[in-house]
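Peer 1: Please read through the structure below; I'll follow up with questions.
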Amino acid sequence: MAANVDIVDDTRFNDRRLLDGSFSDQLQVGSQSGQTVALRIPQAVILPSITRAMVNIAPQQSTATGTAVIGALQYGDLAINNAVVGASVAGALPGQGADSAYALAAAVNAANILDVSASAVTTLTGAVGASGSLGSGAFSVNGVAIGAIAGATAAARAADAAAAISAAGVGVSASANGGTLTVTAADGRDIVLTESTAGALASLGLTPGAGKGALTITGAAGPGSHSMRIGGANPAKAGLVAGTQPSVVVGPPELVLQNISTPGEPPMDLSTHSGASDALDYLDAKLAQVDDVRAALGAFNNRLTTAASNATNTADNLSTARSRIMDTDYATEATQLTRSDVLSQAGAAIVAQANALPKQVLQLLR
Numbered sequence: 004m005a006a007n008v009d010i011v012d013d014t015r016f017n018d019r020r021l022l023d024g025s026f027s028d029q030l031q032v033g034s035q036s037g038q039t040v041a042l043r044i045p046q047a048v049i050l051p052s053i054t055r056a057m058v059n060i061a062p063q064q065s066t067a068t069g070t071a072v073i074g075a076l077q078y079g080d081l082a083i084n085n086a087v088v089g090a091s092v093a094g095a096l097p098g099q100g101a102d103s104a105y106a107l108a109a110a111v112n113a114a115n116i117l118d119v120s121a122s123a124v125t126t127l128t129g130a131v132g133a134s135g136s137l138g139s140g141a142f143s144v145n146g147v148a149i150g151a152i153a154g155a156t157a158a159a160r161a162a163d164a165a166a167a168i169s170a171a172g173v174g175v176s177a178s179a180n181g182g183t184l185t186v187t188a189a190d191g192r193d194i195v196l197t198e199s200t201a202g203a204l205a206s207l208g209l210t211p212g213a214g215k216g217a218l219t220i221t222g223a224a225g226p227g228s229h230s231m232r233i234g235g236a237n238p239a240k241a242g243l244v245a246g247t248q249p250s251v252v253v254g255p256p257e258l259v260l261q262n263i264s265t266p267g268e269p270p271m272d273l274s275t276h277s278g279a280s281d282a283l284d285y286l287d288a289k290l291a292q293v294d295d296v297r298a299a300l301g302a303f304n305n306r307l308t309t310a311a312s313n314a315t316n317t318a319d320n321l322s323t324a325r326s327r328i329m330d331t332d333y334a335t336e337a338t339q340l341t342r343s344d345v346l347s348q349a350g351a352a353i354v355a356q357a358n359a360l361p362k363q364v365l366q367l368l369r
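178 is the number that the numbering used here gives to position 175 of the sequence shown; each next residue is one higher, with no gaps.
Here it is in structure tokens:
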């Protein structure tokens, strides 16, 4: 390949490369404006190259969403795009222990992995029973007792429970959709449920204990296809599975300045019969291409030769015409001079003879 590069670079005429496809020019072939022909020599050998150009590409993004976390991270348990995530550290608020989704997301973000961010959320759902009231403090969320809950229907009890939990001020919110109660910690902290009245949580469709959140690892959106790799000694602690997460389209195409790579001539495998046969076919096609270029250049040379001959003939004809206009015809001019002399002398003789006649008449009268 290096030899091909040297040949392409060194084959020049008047310091202009002839084989890299850049030679293109207009040649004047006549005496009038616009009497030109275009000469272009196609690229003989395709070399590897990288150029920059605007390309219309849709943005894509890779995202890995895990299941509930199962433990605190130690250094090396999780790696993203081959960048190691450090140990998870507990936060300052209830439910933000080192083994919470909140702490694991904070550890990923603290690793400052290029174009990667993490978020966490904890969600619990329960089907609320249609009857029964709960007194104040019947159960607690992250150590804070929840007020009394009542309602004649499942939907009313779910709405009352959601309002009471949201008002507790422990970083946990709740919502109701009919008889379904959804409890959410938007930062991924654990939702720790305890009860002082037996069956209180069961009547809301919830279970005592620590509800664990889930991590979402998100790569920055970028042009074209790309992937995110999840690895490490034990990514399952974060609820993630080791492997490559492909990207998906997340927006309409847009113009992006991007590198465009040209691989150059294809490699040739001569170790097998089929590979050698394919190589010969390819070389035959290249030789045919060279023959086509030589034929085109030969035809162009003939055209230039004809144009030069026509220009020479035109110049000769113009020179002959100028000579006929500018040069003297000696024979014609000598004849005209002789004629003028004869006429002048004859005229003078006639005048002299006419002047002598009166004198002769006077002599006769004497």
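Glycine included, every Cβ here is placed at the ideal spot set by N, Cα and C.
Could you please give the first and the last residue of the uninterrupted alpha helix (DSSP H) stretch that includes G278?
Peer 2: 276–329
Peer 1: How big is the Cα-Cα spacing for A5 and N316?
Peer 2: For A5, the predicted model reports a pLDDT of 49, less than 50, meaning its position is unreliable; a value from the coordinates is still stated below. Cα to Cα, A5 sits roughly 49 Å from N316.
Peer 1: Counting Cβ pairs, one atom from each stretch, are 3 or more of them under 8 Å apart for the region 25–39 and the region 299–311?
Peer 2: Output reads yes: the region 299–311 touches the region 25–39.
Peer 1: Looking at C-alpha atoms only, which residue of L218, G89, A217 is the closest neighbour of G235?
Peer 2: G89
Peer 1: Measuring straight from C-alpha to C-alpha, what distance separates S343 and S36?
Peer 2: 51 Å
Peer 1: Consult DSSP for A123 and reduce its assignment to one of helix, strand or coil.
Peer 2: The DSSP-derived three-state label of A123 is strand.
Peer 1: Closer than 7 Å by C-beta to P266: which residues in its own chain qualify, once you throw out the five before and the five after it? Chain order, please.
Peer 2: If you ignore the 5 residues before and after P266, its C-beta comes within less than 7 Å of the C-beta of P51, all in its own chain and listed in chain order.
Peer 1: Any beta-carbon of chain B closer than 8 Å to the one on S25?
Peer 2: Considering every chain present, this structure includes no chain B. It has just one protein chain.
Peer 1: How is P238 classed by DSSP in three states: helix, strand or coil?
Peer 2: helix
Peer 1: For the region 61–88, list the beta strand (DSSP E) runs that are entirely contained and at least 3 residues long, ordered along the chain.
Peer 2: 62–64, 66–71
Peer 1: Would you check if there are 3 or more beta carbon pairs closer than 8 Å linking the region 186–205 to the region 110–126?
Peer 2: yes
Peer 1: With three or more beta-carbon pairs closer than 8 Å as the criterion, would you say the region 221–228 touches the region 160–169?
Peer 2: Judged by Cβ distances under 8 Å, the region 221–228 makes no contact with the region 160–169, as fewer than three pairs qualify.
Peer 1: With distances taken Cα to Cα, identify the nearest neighbour of V175 among A203, A159, L196.
Peer 2: L196
Peer 1: Thinking C-beta only, is L207 closer than 8 Å to G129?
Peer 2: yes
Peer 1: Tell me whether the beta-carbon of Y78 lies closer than 8 Å to the beta-carbon of V72.
Peer 2: Contact flag unset, no.
Peer 1: Using only alpha-carbon positions, find the residue among R232, L22, E198 that is nearest to T66.
Peer 2: Looking from the CA of T66, the closest CA among R232, L22, E198 belongs to R232.
Peer 1: Do G138 and A151 have their C-beta atoms within less than 8 Å of each other?
Peer 2: A contact, by the Cβ cut-off of 8 Å.
Peer 1: For A148, collect the residues of the same chain with a Cβ closer than 6 Å to its Cβ; drop the 5 residues on either side in sequence, then sort them by chain order.
Peer 2: G140
Peer 1: Considering only the alpha carbon of each residue, which of I83, A357, A75 lies closest to Y105?
Peer 2: A75
Peer 1: Is DSSP giving A155 helix, strand or coil here?
Peer 2: Look at A155 here: in three-state DSSP terms it is coil, with no helix or strand label.
Peer 1: Thinking just about the alpha-carbon of each residue, which of S27, V111, L96, R20 is nearest to the one in K240?
Peer 2: Per the Cα distances, V111.
Peer 1: I'd like the ranges of any beta strand (DSSP E) spanning at least 3 consecutive residues and lying wholly in the region 21–62.
Peer 2: The region 21–62 contains, as complete beta strand (DSSP E) runs of 3+ residues, the segments 27–31, 39–43, 52–60 (chain order).
Peer 1: Going by Cα to Cα distance, which pick from P270, T335, S322, D295 is closest to I49?
Peer 2: P270
Peer 1: Work out the CA separation of P255 and A61 for me, nearest whole Å.
Peer 2: Each residue's CA atom was taken as its position, placing A61 and P255 some 5 Å apart.
Peer 1: Going by beta-carbon coordinates alone, are L286 and A279 separated by less than 8 Å?
Peer 2: no
Peer 1: Let me make sure I understand the geometry here. Which of N115, N59, V252 has the alpha-carbon closest to that of N262?
Peer 2: Comparing alpha-carbon positions, the option among N115, N59, V252 lying closest to N262 turns out to be N59.
Peer 1: Have a look at A359 and A349 and give me their C-alpha separation to the nearest angstrom.
Peer 2: Cα-Cα distance, rounded: 16 Å.
Peer 1: Is the beta carbon of N145 closer than 8 Å to that of I83?
Peer 2: Not a contact, by the Cβ cut-off of 8 Å.
Peer 1: Output the distance between the C-alpha atoms of M329 and A351, rounded to the nearest integer angstrom.
Peer 2: 35 Å
Peer 1: Verify whether the separation of the beta carbon atoms of N371 and D80 is less than 8 Å.
Peer 2: Since the first and last residues shown for the chain are 4 and 369, residue 371 lies out of range.
Peer 1: Using DSSP with H/G/I as helix, E/B as strand and the rest coil, what is Q248?
Peer 2: Strand.
Peer 1: With a Cβ-Cβ cutoff of 8 Å, do S250 and S230 count as a contact?
Peer 2: yes
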